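J.:
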Amino acid sequence: MFILLTVAIAPGLALFSYFYLRKQIAKEPSRTLFHTFIYGAIMTFPILFIQYVFEEEHVFSSEFLQAVVFTSGLEEFFKWLILLIAIYRHMEFEDVYDGILYGASVSLGFATVENIIYLLTFGMDTAFLRALLPVSSHALFGVVMGYYIGRAKFAVESNKRWALFIAFLAPYFLHCVYNTILLIHDIWLYLIIPFMLFLWWFGLTRVKYAHTFAMRQFRRKARINQD
Numbered sequence: 002m003f004i005l006l007t008v009a010i011a012p013g014l015a016l017f018s019y020f021y022l023r024k025q026i027a028k029e030p031s032r033t034l035f036h037t038f039i040y041g042a043i044m045t046f047p048i049l050f051i052q053y054v055f056e057e058e059h060v061f062s063s064e065f066l067q068a069v070v071f072t073s074g075l076e077e078f079f080k081w082l083i084l085l086i087a088i089y090r091h092m093e094f095e096d097v098y099d100g101i102l103y104g105a106s107v108s109l110g111f112a113t114v115e116n117i118i119y120l121l122t123f124g125m126d127t128a129f130l131r132a133l134l135p136v137s138s139h140a141l142f143g144v145v146m147g148y149y150i151g152r153a154k155f156a157v158e159s160n161k162r163w164a165l166f167i168a169f170l171a172p173y174f175l176h177c178v179y180n181t182i183l184l185i186h187d188i189w190l191y192l193i194i195p196f197m198l199f200l201w202w203f204g205l206t207r208v209k210y211a212h213t214f215a216m217r218q219f220r221r222k223a224r225i226n227q228d
């Protein structure tokens, strides 16, 4: 059991550490990030319950509607809602890169609990594949969401709502593409590899842009303090 839990938790911890250590200015308080991770972990259970009810009631007529349109939207909406309610106005949310850390944290909280449940149910045979695909994809969806949440936080008032909308729409679209590929049973492996490479590229470019915006904010604050 201990080994299984370690294998289930390790990918999320490694991915979060990677993004956390890339922050170039002041490190974000670990307590706030831990709380965000816990929020993401807790939301796993209502999401799984809603998915179970909809599946048992045969609400959707096609697997595509259920697995792609509904499941992707449900998971990304819960993440977005948590960031909006618990983090968006938090005093420790100080620059755009903080949004990436909070987005990755809430996503990895969800992905870690989902991974634990999956490995407890099906065993460790697919642990490596899950680390490469579901856990890392959730982390990157969170990075993208957090980046646009951060942009919204520090945008001019007229652009805030649009940035918040993109913060939901962009990861939702990426999640839909990911789930669609998994439904194409014959050739999914040939499609998922280039998609994951693209997802990493897209996520890391958001990281780069967030660093740029964060440095601008830091220099602006430094000039104000000098004046």
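Residue 211 in the numbering used here sits at position 210 of the sequence shown, and the numbers go up by one each step. In this text, a Cβ means the ideal position worked out from N, Cα and C, and glycines have one as well. None of these values were measured; they are calculated from a predicted model.
1. Would a C-beta distance cut-off of 7 Å place Glu-77 and Thr-33 closer than the cut-off?
2. Are Phe-142 and Leu-175 touching if we call contact CB-CB under 7 Å?
3. How far does the alpha helix (DSSP H) with Tyr-173 in it reach, from first residue to last?
4. Rounded C-beta distance between Gly-151 and Ile-101? I'm assuming under 8 Å.
5. If contacts are defined as beta-carbon pairs under 8 Å, then Gly-74 and Tyr-173 qualify, I think. What distance do you get, rounded to the angstrom?
6. Is DSSP giving Ser-108 helix, strand or coil here?
7. Could you tell me the alpha carbon to alpha carbon distance between Arg-221 and Asp-126, rounded to whole angstroms?
8. Can at least three beta-carbon pairs, one atom from the region 42–56 and one from the region 158–168, be found at a separation below 8 Å?
9. Which class does Tyr-89 belong to by DSSP, given the choice of helix, strand or coil?
10. Applying the criterion that 16 or more other CB atoms from any shown protein chain within 10 Å of the CB defines a buried residue, is Thr-206 buried or exposed?
11. Leaving out five residues on either side along the sequence, give the residues of the same chain with a beta carbon under 8 Å from the beta carbon of Val-1.
12. Output needed for Leu-120: all residues of its chain with C-beta closer than 7 Å, excluding positions within five of it in sequence on either side, in chain order.
13. Kindly indicate the opening and closing residues of the alpha helix (DSSP H) around Met-125.
14. Report the option in Phe-196, Phe-79, Val-136 whose CA atom is closest to the CA atom of Ile-118.
15. Residues in the same chain with beta-carbon distance under 6 Å from Ser-106, minus the five sequence neighbours each way, listed in chain order, please.
16. What are the start and end residues of the alpha helix (DSSP H) that includes Leu-34?
17. From Arg-23, Met-44, Ala-215, pick the residue whose C-alpha is nearest to that of Leu-109; which is it?
18. Could you spell out where the alpha helix (DSSP H) holding Ala-132 opens and where it closes?
19. Just mark Lys-80 as buried or exposed, buried being the case when its beta carbon has 16 or more other beta carbons within 10 Å.
20. Find the nearest neighbour of His-212 within the set Leu-85, Leu-49, Phe-20, judged by alpha-carbon distance.
21. Quick one: grab the DSSP three-state call for Val-8.
T.: This is what the structure holds:
1. no
2. yes
3. 158–184
4. 7 Å
5. 6 Å
6. helix
7. 51 Å
8. no
9. coil
10. exposed
11. The structure shown has nothing for residue 1, since the chain only spans 2 to 228.
12. Leu-5, Val-8, Ala-9, Ala-128
13. Careful: Met-125 lies outside any alpha helix (DSSP H) and carries neither H nor E.
14. Val-136
15. Leu-34, Thr-37, Phe-38
16. 31–57
17. Met-44
18. Neither: Ala-132 is in no alpha helix (DSSP H) and is coded neither H nor E.
19. buried
20. Phe-20
21. helix
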